[in-house]
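Student:
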Amino acid sequence: MNVFRLIGDLSHLLAILILLWKIWKTRSCSGISGKSQFLFALVFTTRYLDLFTNFISPYNTFMKIVYIVCSCVTVYFIYVKFKATYDSNHDTFRVEFLVVPVGGLAFLVNHDFTPLEILWTFSIYLESVAILPQLFMISKTGEAETITSHYLFALGAYRALYIVNWVYRYYFEGFFDLIAIVAGCVQTILYCDFFYLYITKVLQGKKLSLPA
Amino acid sequence: SKTKKKKDEL
Numbered sequence: 006m007n008v009f010r011l012i013g014d015l016s017h018l019l020a021i022l023i024l025l026w027k028i029w030k031t032r033s034c035s036g037i038s039g040k041s042q043f044l045f046a047l048v049f050t051t052r053y054l055d056l057f058t059n060f061i062s063p064y065n066t067f068m069k070i071v072y073i074v075c076s077c078v079t080v081y082f083i084y085v086k087f088k089a090t091y092d093s094n095h096d097t098f099r100v101e102f103l104v105v106p107v108g109g110l111a112f113l114v115n116h117d118f119t120p121l122e123i124l125w126t127f128s129i130y131l132e133s134v135a136i137l138p139q140l141f142m143i144s145k146t147g148e149a150e151t152i153t154s155h156y157l158f159a160l161g162a163y164r165a166l167y168i169v170n171w172v173y174r175y176y177f178e179g180f181f182d183l184i185a186i187v188a189g190c191v192q193t194i195l196y197c198d199f200f201y202l203y204i205t206k207v208l209q210g211k212k213l214s215l216p217a
Numbered sequence: 135s136k137t138k139k140k141k142d143e144l
């Protein structure tokens, strides 16, 4: 473990908790893409199948359980509990255009052609594009609530910090995982225009509005 | 290539 990965994990945890808090406090999931949250739940459930077979550390196990539980609760909030506030008219990204190609790629490009490894690879590829329905929804509504932009910033920062972690591990541990690195770079690049808007607008106290 | 390492990252 290194400080970059630790801060990255905490940023990820913060993002997940910000989102849960926003939905619970405002009792509304307006502006939130249920499709992205569904994809994140899929990412965690396919990545952490080794939760009980591959013990790394108490921290690792704890975080995996928190991620799985929180992502499922978030999906439950959006599609069940606060369903009335779910903005399905703007959450129209065709997720099958993500899941199918990512599924195919996971079969073709992986480290090991075993079910667990293919599912892990699927999860890594899927995570890199899982935010697209959310970014698409914001581009359609033309704006995002400030709390939602803080959520997105923390979520984008997590994988950006992981890239620093991978550079660190390459130089100090001689360890690297090209699949995770390439997917992580794609994932972070997708946030770039959002990062720009967040820093130039939200941090200036303005509302985040995308040129529709 | 990737050194075979247990998946210790989240």
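Chain order of the listed sequences is A and B.
Quick note on our numbering: the first sequence kicks off at 6 and runs consecutively.
Quick note on our numbering: the second sequence kicks off at 135 and runs consecutively.
We put the CB at the ideal spot given by N, CA and C, even for glycine.
Bear in mind that the values here come from a model prediction, so they are computed numbers and not experimental data.
Assign S76/A to one of three DSSP states: helix, strand, or coil.
Tutor: Helix at S76/A.
Student: To the nearest angstrom, how far is the alpha carbon of S16/A from that of Y64/A?
Tutor: Rounded to whole angstroms, S16/A to Y64/A spans 15 Å at the Cα level.
Student: In chain order, what residues of the same chain have a beta carbon less than 7 Å from the beta carbon of I143/A, not counting five sequence neighbours either side?
Tutor: Counting only Cβ-Cβ distances below 7 Å, and skipping sequence neighbours, we find A149 and L215.
Student: Step through the CB atoms of chain B and report whether any lies within less than 7 Å of the CB of I70/A.
Tutor: Cβ-Cβ to chain B under 7 Å: no for I70/A.
Student: Could you check the C-alpha separation between I186/A and I168/A for me, to the nearest Å?
Tutor: Straight-line Cα distance between these residues: approximately 7 Å.
Student: Just the C-alpha distance for Y91/A and G39/A, rounded to the nearest angstrom, thanks.
Tutor: Computed Cα separation, rounded: 8 Å.
Student: Between I12/A and chain B, is the shortest Cβ-Cβ distance under 7 Å, so that the two count as touching?
Tutor: Not one chain B Cβ lies under 7 Å of I12/A.
Student: Are the beta-carbon atoms of L213/A and S133/A separated by less than 7 Å?
Tutor: No.
Student: On a CA-only basis, which of N59/A, T66/A, L54/A and I28/A is nearest K140/B? Give me that one, please.
Tutor: Among N59/A, T66/A, L54/A and I28/A, the Cα nearest to that of K140/B belongs to N59/A.
Student: Return the CA-CA distance between L208/A and Y201/A, expressed in angstroms with no decimal places.
Tutor: If I take the Cα positions, the gap works out to 10 Å.
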